[in-house]
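So the sequence shown is numbered by my numbering: it starts at 167 and just counts up by one. Okay, structure first, notes after.
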Amino acid sequence: MIRLENINKTYPGNAQHAINSLSMTINDGEFCTFVGPSGCGKTTTLRMINRLDIPDSGEVYIQGQALSSADIIQVRRKIGFVMQSPALFPHRSVAENIATVPRLLGWDKKTIARRIDELVALMSLDPLVLKRYPHQLSGGQQSRVSIARALAADPPVLLMDEPFAAIDPVVREKLQSELLQLQARLHKTIILVTHDINEAIRLGDRIAIFQEGGRLAQFDTPDNILSFPASDFVRDFIGPEPNLKRLGMMRVGDLPRHDVPLLALDGQSLAGGHPLLGQQRALVLDANNRPLHWLEKGQQTPVHFADEHQSLRNVYSELLNVPQGVLVRITPEGSYAGAIDSSLLSNALNRHQELHRDD
Numbered sequence: 167m168i169r170l171e172n173i174n175k176t177y178p179g180n181a182q183h184a185i186n187s188l189s190m191t192i193n194d195g196e197f198c199t200f201v202g203p204s205g206c207g208k209t210t211t212l213r214m215i216n217r218l219d220i221p222d223s224g225e226v227y228i229q230g231q232a233l234s235s236a237d238i239i240q241v242r243r244k245i246g247f248v249m250q251s252p253a254l255f256p257h258r259s260v261a262e263n264i265a266t267v268p269r270l271l272g273w274d275k276k277t278i279a280r281r282i283d284e285l286v287a288l289m290s291l292d293p294l295v296l297k298r299y300p301h302q303l304s305g306g307q308q309s310r311v312s313i314a315r316a317l318a319a320d321p322p323v324l325l326m327d328e329p330f331a332a333i334d335p336v337v338r339e340k341l342q343s344e345l346l347q348l349q350a351r352l353h354k355t356i357i358l359v360t361h362d363i364n365e366a367i368r369l370g371d372r373i374a375i376f377q378e379g380g381r382l383a384q385f386d387t388p389d390n391i392l393s394f395p396a397s398d399f400v401r402d403f404i405g406p407e408p409n410l411k412r413l414g415m416m417r418v419g420d421l422p423r424h425d426v427p428l429l430a431l432d433g434q435s436l437a438g439g440h441p442l443l444g445q446q447r448a449l450v451l452d453a454n455n456r457p458l459h460w461l462e463k464g465q466q467t468p469v470h471f472a473d474e475h476q477s478l479r480n481v482y483s484e485l486l487n488v489p490q491g492v493l494v495r496i497t498p499e500g501s502y503a504g505a506i507d508s509s510l511l512s513n514a515l516n517r518h519q520e521l522h523r524d525d
């Protein structure tokens with residue numbers, strides 16, 4: 167889909183390359199993350215793919231077409247672009263912001279209205295926000311609207327320049343999860359720039375690690391980068407504790423189901439599988455299969471939950487603070503879906519590493 171051939175770029179007054187002999191291919195439908203220290207060329211590379219910056223030498227190809235000889239206006243209409251700041255038009259409502267590119271393309275009002283409704287549902291936005299203006303939105307809402315605007319004309323390519331950099335960690339993790347779910351449905355070719363190696367590992371099918379001087383230090387899958395860093399620079403950049411980073415790549419939904427002893431409200435024993443906790447403690451469910459509390463030696467204790475999209479790294483951190491040493495899995499509807507303890511995480515990590523070695 168996107169190919170860069172021997173790209174070089176030096177800015178006037180700067181002896182060091184912004185981009186130095188860069189060649190890479192990003193496949194159709196692939197989610198690729200660019201990561202590296204400040205000034206390493208990752209954003210410059212992203213801008214060259216959108217022809218917002220022009221290389222001194224080398225060529226960028228999209229779907230086999232060289233950008234140097236292409237109608238750049240037509241090329242850009244096939245690319246969605248999400249900037250570091252949501253950069254929404256402050257004088258336009260949310261609906262008008264989302265409709266920006268379809269209007270430029272001459273879509274009729276009914277088609278635009280249908281597309282706005284589709285994107286509101288896709289991005290989990292409340293339809294009530296459509297009449298609001300950007301300053302009336304939270305940071306998370308602004309990011310969702312920015313992505314919706316970039317997707318409005320259904321472009322095959324989505325470029326994202328640190329889209330979640332200014333958002334607090336809790337909302338950021340939620341938006342990352344939503345972006346992964348979105349990609350699973352849409353199969354776009356996505357390139358996302360970030361400074362955060364954990365974000366790059368969590369989101370990317372492949373990761374391009376840049377180093378100072380605009381050089382590509384390594385371009386590979388997250389597993390291969392964690393297992394086989396190409397240089398001391400890459401090893402230092404990814405940092406210690408690679409197993410924690412592997413847990414960050416995995417979701418609760420990736421785990422096999424393990425059950426705990428279950429009780430109904432009336433005290434009747436329910437079907438339970440492998441007893442992670444032993445028989446001295448049971449989980450009480452209501453009539454709709456929703457967890458209520460733990461019952462141990464006649465005492466009720468609160469339940470701590472994990473949803474299916476939560477990262478195992480986050481689960482591991484939460485387990486350290488849970489008195490029972492177990493989290494209860496729940497479905498989006500809040501129903502019981504099994505339980506997780508540290509041994510389950512350890513087994514999942516071992517299986518993941520074995521599968522990688524087999525590859």
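All C-beta atoms, glycine included, are put in the ideal place defined by N, C-alpha and C.
Proximity of the stretch 403–412 to the stretch 209–229 falls short of the contact definition, fewer than three beta-carbon pairs being nearer than 8 Å. With contacts defined by Cβ atoms closer than 8 Å, residue 342 and residue 324 do not form a contacting pair. Between residue 196 and residue 371, the CB-CB gap stays under 8 Å.
Distance between residue 430 and residue 514, taken at the CA atoms: about 30 Å. Listed in chain order, the alpha helix (DSSP H) elements of length 4 or more contained wholly in the stretch 386–467 are 388–393, 398–404 and 408–415. Counting other Cβ atoms within 10 Å of its Cβ, residue 312 reaches 16 or more and is therefore classed as buried. In terms of CA proximity to residue 365, 198 leads the group 173, 198, 178 and 188. For residue 185, the three-state secondary structure derived from DSSP is strand. Here DSSP, grouped into helix, strand and coil, assigns residue 487 to coil. If only uninterrupted beta strand (DSSP E) runs of at least 3 residues are considered, those enclosed by the stretch 220–255 are 223–228 and 245–248.
Sequence-distant Cβ neighbours of residue 173 in its own chain, meaning closer than 6 Å and more than five residues away, are 185, 188, 221 and 224. Contact check for residue 381 and residue 474: beta-carbon distance about 39 Å, past the 8 Å limit, so the pair fails to qualify. The beta carbon of residue 193 lies closer than 8 Å to those of 167 and 355 in the same chain, with the five residues before and after it left out. In the DSSP secondary-structure assignment, residue 311 is not bridged to any residue. When rounded, the separation of the alpha-carbon atoms in residue 477 and residue 181 is 43 Å. Taken through DSSP and simplified to helix, strand or coil, residue 477 comes out as strand.
Nearest Cα to residue 386 within the set 402, 367 and 496: 367.
Contact between residue 375 and residue 202 holds: their C-beta atoms lie close to 6 Å from each other, under 8 Å.
Membership of residue 175 in the beta strand (DSSP E) is indicated by the continuous run 168–175. Residue 191 counts as exposed, since fewer than 16 other beta carbons sit within 10 angstroms of its beta carbon. Of the residues 275, 299, 317 and 268, the one whose Cα lies closest to the Cα of residue 287 is 317.
Secondary structure note for residue 342: its alpha helix (DSSP H) is the uninterrupted segment 335–352.
Look at residue 258 here: in three-state DSSP terms it is coil, with no helix or strand label. Of the candidates 391, 378, 279 and 256, 256 places its Cα closest to the Cα of residue 301.
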